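The sequence shown begins at 3 in our numbering and counts up by one. The next block holds one structure in the form of structure tokens; read it before the comments.
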Amino acid sequence: MSLPFVEIKNLVAGYGNTIVLKGVSLDVEEGEKVAIIGPSGSGKSTLLKCIIRLIEPLQGKIIIDGIDVTSKTTDIRKIRAMTGFVFQHYNLFPHMTVIKNVALPLLLVKKVPKREAYGRAMDALKSVGLQQYADSYPLQLSGGQQQRVAIARALVIEPRLLLLDEPTSALDPELVDEVLDVLRSITKKNMTIILVTHELDFAEDIADRIIFMEDGKIVEEGDPIVMLHNPQKTRTREFLRRIIRKRRATFTFNPNSPTNEGA
């Protein structure tokens, strides 16, 4: 029996005197797509950042492809070289062109020759439909376009593991779909994906498993259809009911109502 591609064992992490993750354990198989949902402050983003030690865990172990990430003797650069990470707020360098932003991990992490790096960066931009913006700067692009550039940057290293930290949360509602369309195409690739999201329909569509977190712990996990339509834990049901109520409260548009256009 093969070992999980990602093993997280009794992980504890926090900031200062605040403990955010309280003994989280999670196995992810190679090629599996796992979506993590839950209220703000539940530790979802902290968990992702611990996986590549952007945040140093206080206790516990993280093992990726048999390598103990939490060991002080592990060269974390090797783990990051096979891991793509897409942040909430793009994290693009504003003084660099789009293509240079995308080529950067190849140049710095993979030590790929410049000509090859820029060729692969252009291919990555084509995969997200933005090759025409290669020589533009990030601030000349919309939020959705900037996030697609960030996705291209994560993909250009051909990662075995892709971490997505609420990639649509900073976007205007009208721009969300263009990013979800790109992510939907990515999930068809044979890579392991761990996604933190509030887009429940998207999670149900692409995930092999959904995990609900609250207060630094995993409350419930399971098949996406069961988790979103018939969860077993009371707290999971309460969270989903609140999300649904919020959607109904914010979407009150009546397509048949008269407008003032042309008045």
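No residue lacks a Cβ here, since even glycine has one placed at the ideal position from N, Cα and C. All of these numbers come straight from a predicted model, not from anything done at the bench.
C-beta atoms of Ile159 and Lys112 nearer than 8 Å: yes
Of the residues Arg122, Ala205 and Glu58, the one placed nearest Ala156, counting alpha carbons only: Arg122
With 16 other Cβ atoms within 10 Å as the buried cut-off, status of Lys190: exposed
Contact set for Lys116: own chain, Cβ-Cβ below 7 Å, skip 5 residues either direction: Leu109
Alpha-carbon to alpha-carbon, Arg82 and Leu230: 32 Å
Where the beta strand (DSSP E) through Phe87 begins and ends: Thr85 to Val88
Per DSSP, the bridge partner or partners of Asp29: Glu9
Neighbourhood of Val71 by C-beta distance below 6 Å, restricted to the same chain and skipping five residues each side: Ile64 and Ile81
Validate contact between the stretch 134-154 and the stretch 96-110 using beta carbons, cut 8 Å, 3 pairs: yes
Exposed unless 16 or more other CB atoms sit within 10 angstroms - verdict on Phe255: Its pLDDT being 48, under 50, Phe255 is placed unreliably in this model, and the coordinates cannot settle the point.
Cβ-based burial, Ile227 [other Cβ within 10 Å; buried from 16]: exposed
N- and C-terminal bounds of the alpha helix (DSSP H) containing Thr48: Lys46 to Ile53
Three-state secondary structure assigned by DSSP to Ile65: strand
Of the residues Pro107, Pro140 and Leu56, the one placed nearest Leu94, counting alpha carbons only: Pro140
Close Cβ partners of Ser138 (< 7 Å) along its chain, the five nearest in sequence each way excluded: Thr99 and Val100
Sequence ranges, beta strand (DSSP E) only - wholly within the stretch 70-118, length at least 3: 85-88
Assigned exposure category for Pro96 - 16 Cβ within 10 Å defines buried: exposed
Contact between the stretch 196-203 and the stretch 160-170 (3+ Cβ pairs under 8 Å): yes
Residues near Arg237 by beta carbon distance below 7 Å, same chain, minus five either side: Glu216 and Val221
Residues sharing a beta bridge with Ala37, DSSP: Leu197 and Ile212
Pair within 8 Å by beta-carbon distance, Ile213 and Glu206: no
Under the three-state DSSP convention, the category Leu1 falls into: This structure leaves residue 1 out entirely; the chain is present only between 3 and 265.
Alpha helix (DSSP H) segment containing Val184, residue limits: Pro175 to Ile188
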